[in-house]
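> Below are the structure tokens for one structure; questions will follow.
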Amino acid sequence: MSRLASVFQGSSLRARAMRSSVLTVGGFGASQIIRLASNLILTRLLFPEAFGMMALVMVFIQGLYQFSDVGVGPAIMQSKRGDDPRFLNTAWTIQAGRGVLLWLAASVLAYPMALLYGEPQLMQLLPVAALTLVIQGFNPTRLMLANRHLQLGRVTAIDIVTQLSGILSAVVLAYLTQSVWALVFSSIISSLVQLALFWIYLEGHRDRFEWERPAAHELINFGKWIFLSTVAGFLFNQSDKMLLGKYLPLDQFGVYNIGFFLASFPLLLGVSVTHKLLIPLYRERPPRESAANFTALRKMRFVVSGGLLFGVAVLAFAGVPLVAFLYDPRYHSAGIIVTIIACMQVPHIIVLTYDQAALAAGDSKRFFVLAATRAVVMLAVMLIALETFGLIGALFSIGIAMVLIYPVVIWLARRMGAWDPVHDLVFALLGSVVIALAIWMNWDSVVQLAAMS
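Counting from 764, one number per residue, gives the positions in the sequence shown under my numbering.
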């Protein structure tokens, strides 16, 4: 026990990484338990159409957010000036102004979006939901500094309190209104709570409006590729919702989102861990610098991939009975969706730890090349699969696209000295076994979904 405790103590990179890993995983676990509990309650208070409508709202809000991302967070995490007050003030000024502009854009685009999806209610929902973008724009740079230095204790606690406040307000409002407005207003309430807690409880630099030209030049120069990368990232991550929201009736789209919500737990955890830990780790221990650095990153990579594959296997095998146990019959068809999506996340999990190496080295251009390739391939494969095979084709296309993208991932990883073919081969074999067994165990449900498609 004393040896284990010593690993977590001190200010070394290893100790900070270990503490941050535990906090990230623990915080994520608590967050997902809270989300699941609220989801179970809300599905009994609201109809599937409400979740379908909110999914359309969130696709639009996330699209606006990512289509205007200038990479303030990654810039602070990797820049040599990341602790400079004038650099931080300039970054915060850019971030706050962007939030206001995003709300104005949402207000202008609400009517065209309502026409595109044939849902008039979007005209009222989108401008109100976009207020969260204004609120989040004023989050302090102390949040990014905590990630930069792997000091995530208070951030994790605040995230949990924020989520609890949002869920409590959602349940109360859903009981009172029985409408999608409960989900919209609860997101605004949680954003306000989070903003207040960040400003009160996070220690460090106090932001103020300032514009320093060298800082702005560095932020914009780094951020131009991040901007393009996040546009591509949005198209990659939201391609299913953009296309299925147009192809499926609103109630079926709501059921799909319940399945996606459950199946995405392992991948969301992986993204959370890698985004918070890998830029600092790659920055301080570049894998091409020494064999010791590469070996240390290999150990980390095996632990992360192994844990995520285990989570995927649990959901792949238990998806159908889990949904039948947790949800009422209106949502039971989400069970096989959980199984298939969980299986199709295996290729993504294998390559999850590579792309942050480019950002840590300040190479946002190559990061964009990977992001753009992923977006183009995912959209093309999913659209073809959806047109040809319907919903079942779209679900399987998620994994097929990631396999096709793998050569570009290798190109980026090799440039950064991060590619680990042993790791990839081991988890490709293990993942293939999981996918084959899960599909075989649920073959009747797969056939039934294919018939419905």
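We treat Cβ as the ideally placed atom computed from N, Cα and C, and that holds for glycine.
Just so we're clear, the structure is a prediction, and the values are computed from it rather than from any experiment.
Along the alpha helix (DSSP H) that carries Gln858, what are the first and last residues, could you check?
Start and end: 848-880.
> Using CA atoms only, rank isn't needed, just tell me which of Arg798, Ile1155, Trp1182, Pro1084 is closest to Ser950.
Ranking Arg798, Ile1155, Trp1182, Pro1084 by Cα distance to Ser950 puts Arg798 first.
> Find the nearest neighbour of Ser1053 within the set Ile1202, Arg917, Gln887, Gly1180, judged by alpha-carbon distance.
When only C-alpha atoms are compared, the closest one is Gly1180.
> By the 10 Å Cβ neighbour count, where 16 or more other Cβ atoms means buried, how is Asn984 classified, buried or exposed?
Exposed, since its Cβ has fewer than 16 Cβ neighbours within 10 Å.
> Which term fits Arg807, buried or exposed, when burial requires 16 or more other beta carbons within 10 angstroms of its beta carbon?
So Arg807 ends up on the exposed side.
> Could you tell me if Gly1033 is buried or exposed, where buried requires 16 or more neighbouring beta carbons within 10 angstroms of its beta carbon?
Buried.
> On a CA-only basis, which of Ala1081, Pro1110, Ile1163, Leu1149 is nearest Ala1191? Give me that one, please.
That would be Pro1110, whose Cα lies nearest to the Cα of Ala1191.
> Compare the C-alpha of Met1165 against each of Phe1152, Ala1138, Leu960, His1186 and name the closest.
The candidate whose alpha carbon is nearest that of Met1165 is Ala1138.
> Rounded to the nearest angstrom, what separates Met907 and Gln1211 at their Cα positions?
Using only the alpha carbons, I get a separation of about 47 Å.
> So, for Arg1064: in the same chain, excluding its five sequence neighbours on each side, which residues have a beta-carbon less than 8 Å away from its beta-carbon?
Within the same chain, Arg1064 has close Cβ partners Thr1116, Asp1183, His1186.
> For Phe823, which residues in the same chain have their Cβ closer than 7 Å to its Cβ, ignoring the five residues on either side in sequence?
Cβ within range, chain order: Met876, Leu889.
> Would Ala1157 and Ala1148 be called neighbours here (beta carbons separated by less than 7 Å)?
Contact flag set, yes.
> Spatial neighbours of Thr1151 within its chain, please: C-beta separation below 6 Å, excluding the five flanking residues on both sides.
Nothing meets the Cβ criterion.
> Can you tell me whether Lys1004 is buried or exposed, with buried defined as 16 or more other CB within 10 angstroms of its CB?
When all chains shown are included, Lys1004 counts as buried.
> Rounded to whole angstroms, what is the Cα-Cα separation between Ile1217 and Gly1082?
An answer regarding residue 1217 cannot be provided, because it is not within the stretch 764 to 1216 covered by the chain.
> Are the CB atoms of Thr925 and Gln957 nearer to each other than 7 Å?
Yes, Cβ-Cβ distance for Thr925 and Gln957 is below 7 Å.
> Between the C-alpha atoms of Leu992 and Ser942, what's the straight-line distance to the nearest angstrom?
It should be pointed out that residue 992 corresponds to Ser in this sequence rather than to Leu. Answer to the nearest angstrom: the Cα atoms are 35 Å apart.
> So the candidates are Phe1131, Thr1136, Val1114; which of them puts its Cα closest to the Cα of Leu1188?
Residue Val1114 is the option with its Cα nearest to Leu1188.
> Could you work out which residue in Gly1153, Asp1118, Leu864, Asp847 is closest to Thr1037 when comparing CA atoms only?
Checked all of Gly1153, Asp1118, Leu864, Asp847; the closest Cα to Thr1037 is Asp1118.
> Our contact map puts Leu1072 next to Leu1193 with C-beta atoms below 8 Å; I'd like the distance itself, whole angstroms only.
Confirmed, about 6 Å.
> Going by alpha carbons, who is nearest to Ile1163 out of Arg1178, Ser932, Cys1106, Asn1205?
Minimum Cα distance to Ile1163 is reached at Cys1106.
> Report yes if the CB atom of Ile898 is closer than 7 Å to the CB atom of Ala793, and no otherwise.
Taking 7 Å as the Cβ cut-off, Ile898 and Ala793 do not qualify as a contacting pair.
> Can you check which of these residues, Trp962, Ala813, Ala1055, Lys843, is closest to Thr940 by C-alpha distance?
Nearest option by C-alpha distance: Ala813.
> On the premise that Ala1201 lies in contact with Thr1102, defined as a C-beta separation below 8 Å, what is that separation, rounded to the nearest angstrom?
Going by Cβ atoms, the distance from Thr1102 to Ala1201 rounds to 6 Å, so yes, they are a contact pair.
> Apply the 10 Å Cβ neighbour rule to Trp1206 and answer buried if 16 or more other Cβ atoms are within range, or exposed otherwise.
Exposed.
> Can you name, in chain order, every residue of its own chain whose Cβ lies under 8 Å from the Cβ of Ala859, other than the five neighbours on each side?
So the list reads Gly900, Phe901, Phe972, once near-sequence residues are dropped.
> Is Trp1174 helix, strand or coil when you go by DSSP?
If DSSP states are grouped into helix, strand and coil, Trp1174 belongs with the helices.
> Helix, strand or coil, according to DSSP, for Tyr1117 in the structure here?
Of the three classes helix, strand and coil, the one that applies to Tyr1117 here is coil, per DSSP.
> Which term fits Trp1203, buried or exposed, when burial requires 16 or more other beta carbons within 10 angstroms of its beta carbon?
It is exposed - the Cβ of Trp1203 has fewer than 16 other Cβ atoms within 10 Å.
> Would the beta-carbon of Ala869 fall within 7 Å of that of Leu827?
Yes, Cβ-Cβ distance for Ala869 and Leu827 is below 7 Å.
> Can you list, in chain order, the residues of its chain with a C-beta nearer than 6 Å to that of Leu809? Leave out the 5 residues immediately preceding and following it.
These residues qualify, in order along the chain: Ala937.
> Looking at C-alpha atoms only, which residue of Val1196, Ala1097, Leu1142 is the closest neighbour of Ser1208?
Of Val1196, Ala1097, Leu1142, the residue nearest in Cα terms is Ala1097.
> Buried or exposed, going by whether 16 or more other CB atoms sit within 10 Å of the CB of Met1215?
The residue in question, Met1215, is exposed, as its Cβ has fewer than 16 Cβ neighbours within 10 Å.
> Find the nearest neighbour of Gly1070 within the set Phe1028, Leu1142, Gly1022, Gly929, judged by alpha-carbon distance.
When each option's Cα is compared against that of Gly1070, the closest is Phe1028.
> Kindly list the residues whose CB is nearer than 6 Å to the CB of Arg1061, restricted to its own chain and excluding five residues on each side of it in sequence; keep chain order.
So the list reads Asp1183, once near-sequence residues are dropped.
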